[in-house]
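Residue numbers (the UniProt record's numbering): 143 to 414.
Backbone N, C-alpha and C fix where the C-beta goes; we use that ideal spot for every residue, glycine too.
The structure displayed is predicted, hence computed values, not measured ones.
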Ligand code: ADP
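Quick look at the structure:
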């Protein structure tokens with residue numbers, strides 16, 4: 143309002159978040175976190191496949207649509223664009239669901255070893271051309287406290303990246319063991335082209351990609367690692383991505399073990 147002197151301070155805190163602080167004469171008035179770039183980026187990402195879909199629908203309605211071969215080709219492109227939009231909407235929903243949830247101490251113990259084996263078996267049988275490159279070194283009896291569906295998504299995202307960005311014919315290794323009594327260590331390594339050091343700190347930002355064209359072409363949404371970061375935080379874990387350009391990348395995640403897994407391992411040691 144004109145009769146009052148407002149001051150608006152905007153502070154960027156990273157990850158596309160701006161803190162907008164409205165201050166009047168009496169001091170602080172209102173503070174709001176807004177995610178400016180995120181909404182713009184998400185809209186842009188959805189608009190591209192949508193524009194392509196509309197274009198093809200329009201052309202199908204014209205003469206081109208009468209030729210069966212052209213029709214089939216267009217339908218295939220439209221299908222791929224729709225899948226791309228679906229993937230993006232699924233990832234956006236996962237992200238907002240994880241963010242919206244209030245943090246509560248996870249009640250369930252999840253057998254992370256069994257889950258990682260399951261993901262390995264599932265991907266090995268998926269028919270993906272890279273499935274034969276998967277190698278799994280997974281210790282059993284490692285339990286973490288957490289959400290099974292989220293941990294499964296975390297595994298799929300990082301193994302999926304290693305398969306997408308690794309070089310065909312080179313191994314993708316999933317390893318799970320105890321880092322110490324408190325933490326379980328999960329790591330996924332590939333022998334792909336790696337990531338230059340200046341990109342590493344930004345990889346978990348929404349829509350940050352080293353090579354946007356390549357990521358889109360291979361079906362990436364640019365949200366996979368942002369989702370992973372949130373899931374790791376929810377589980378009070380730690381995420382570390384290290385990479386040697388030209389050699390490959392390792393994503394390492396430490397997750398607090400559920401008390402039961404230490405007991406199990408103690409028993410195993412005593413028995414053995
Ligand atoms: P995307 O859907 O694009 O894969 P992510 O959030 O999963 O999005 O990853 C962000 C970016 O990090 C990717 O676009 C890619 O440039 C880079 N990246 C992720 N994992 C790897 C990897 N294993 N090797 C090389 N680059 C990777």
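Residue 143 - DSSP class collapsed to helix/strand/coil = For this step, residue 143 is matched to residue 1 along the chain shown. The predicted position of residue 143 is uncertain, since its pLDDT is 48 and thus under 50; a value taken from the coordinates is nonetheless stated next. DSSP places residue 143 in coil when its eight states are reduced to three.
Secondary structure of residue 337, DSSP reduced to three states = For this step, residue 337 is matched to residue 195 along the chain shown. When DSSP states are grouped into helix, strand and coil, residue 337 belongs to the coil group.
Cβ shell of residue 240 (< 8 Å), same chain only, five flanking positions each side left out = Locating residue 240 in the chain shown gives position 98, where the first residue counts as 1. Apart from the 5 residues on each side of it in sequence, residue 240 sits with its Cβ closer than 8 Å to the Cβ of 292, 369, 372, 373, 376 in its chain, given in chain order.
message = Taking the straight line between their C-alpha atoms, what separation do you get for residue 336 and residue 391?
response = As a first step, residue 336 must be located in the chain shown, where it is residue number 194. As a first step, residue 391 must be located in the chain shown, where it is residue number 249. Taking the straight line from one Cα to the other gives about 5 Å.
inquiry  = Helix, strand or coil, according to DSSP, for residue 270 in the structure here?
reply    = Walking along the chain shown from the start, residue 270 turns up at place 128. In the structure shown, residue 270 sits in coil (DSSP, three-state: anything other than H, G, I, E or B).
key: Residues that DSSP places opposite residue 254 in a beta bridge   = As a working note, residue 254 is residue 112 in the chain shown. BP columns for residue 254 are empty, so no partner.
task = Examine the ligand ADP and report whether any of its heavy atoms sits within less than 7 Å of the Cβ of residue 389.
result = The count along the chain shown starts at 1 and reaches residue 389 at position 247. It does not: the Cβ of residue 389 is nowhere closer than 7 Å to a heavy atom of the ligand ADP.
inquiry  = I'd like to know if the stretch 286 to 302 and the stretch 241 to 259 are in contact, where contact means that at least 3 CB-CB pairs between them fall below 8 Å.
reply    = At 8 Å Cβ cutoff, the stretches touch.
message = For the alpha helix (DSSP H) containing residue 210, name the first residue and the last one.
response = Counting from one through the chain shown, the residue named residue 210 turns up at place 68. That run of the alpha helix (DSSP H) goes 210 to 242.
query = Going by other Cβ atoms of all chains shown within 10 Å of its Cβ, with 16 needed for buried, is residue 150 buried or exposed?
reply = Here residue 150 refers to the residue found at position 8 when the chain shown is read from its first residue. By the C-beta density criterion, residue 150 is exposed, having fewer than 16 other C-beta atoms within 10 angstroms.
query = Taking one C-beta from the stretch 329 to 345 and one from the stretch 301 to 310 each time, how about it: are there three or more such pairs within less than 8 Å?
reply = Put simply, the stretch 329 to 345 touches the stretch 301 to 310. At least three CB pairs are less than 8 Å apart.
key: Residue from 384, 199, 148, 204 whose Cα sits closest to the Cα of residue 304   = As a first step, residue 304 must be located in the chain shown, where it is residue number 162. When each option's Cα is compared against that of residue 304, the closest is 384.
query = What is the C-beta distance between residue 223 and residue 195, in whole angstroms, given that I count them as a contact (C-beta under 8 Å)?
reply = Taking the chain shown and counting its residues from 1, one reaches residue 223 at position 81. Taking the chain shown and counting its residues from 1, one reaches residue 195 at position 53. Contact holds; Cβ gap of about 5 Å.
key: Distance between residue 278 and residue 266 (C-alpha atoms, nearest Å)   = To locate residue 266, count along the chain shown from 1; it is residue 124. To locate residue 278, count along the chain shown from 1; it is residue 136. When only Cα atoms are considered, residue 266 and residue 278 end up about 10 Å apart.
ask   = Taking residue 323 as the reference, which of 283, 382, 317 has the closest Cα?
value = On the chain shown, position 181 is the one that residue 323 refers to. Cα-wise, what sits closest to residue 323 is 283.
request  = Would you list the one or two residues that DSSP bridges to residue 392?
outcome  = Here residue 392 refers to the residue found at position 250 of the chain shown. Listed as beta-bridge partners of residue 392 by DSSP are 331, 384.
inquiry  = According to DSSP, simplified to helix, strand and coil, what is residue 377?
reply    = Residue 377 sits at position 235 when you count from the first residue of the chain shown. In the structure shown, residue 377 adopts coil according to DSSP, grouped into three states.
task = Alpha carbon to alpha carbon, how far is residue 261 from residue 208? Give it in angstroms, no decimals.
result = Translated into positions along the chain shown, residue 208 becomes position 66. Translated into positions along the chain shown, residue 261 becomes position 119. In this structure, the straight-line span from the alpha carbon of residue 208 to that of residue 261 is close to 44 Å.
query = DSSP three-state call for residue 320: helix, strand or coil?
reply = Looking up residue 320 in the chain shown gives position 178. Judged by DSSP in its simplified three-state form, residue 320 adopts strand.
query = For residue 352, which three-state DSSP category applies?
reply = In the chain shown, counting from the first residue as 1, residue 352 sits at position 210. When DSSP states are grouped into helix, strand and coil, residue 352 belongs to the coil group.
ask   = CA-CA distance, residue 115 and residue 379?
value = The structure shown does not extend to residue 115, since the chain spans only 143 to 414, so no value can be given for it.
For residue 398, the nearest candidate out of 166, 220, 247 (CA to CA) = Position 256 of the chain shown, counting from 1, holds the residue named residue 398. It is 247.
message = At the level of alpha carbons, what is the spacing between residue 412 and residue 351?
response = In the chain shown, counting from the first residue as 1, residue 412 sits at position 270. In the chain shown, counting from the first residue as 1, residue 351 sits at position 209. Unreliable positioning characterises residue 412 in this predicted model, as indicated by a pLDDT of 39, which lies under 50. The coordinate reading is nonetheless provided below. Cα atoms of residue 412 and residue 351: separation of roughly 48 Å, rounded to the nearest angstrom.
task = Classify residue 279 as helix, strand or coil using the three-state DSSP reduction.
result = As a first step, residue 279 is located in the chain shown; it is residue number 137 there, counting from the start. In the structure shown, residue 279 sits in a strand (DSSP, three-state: E or B).
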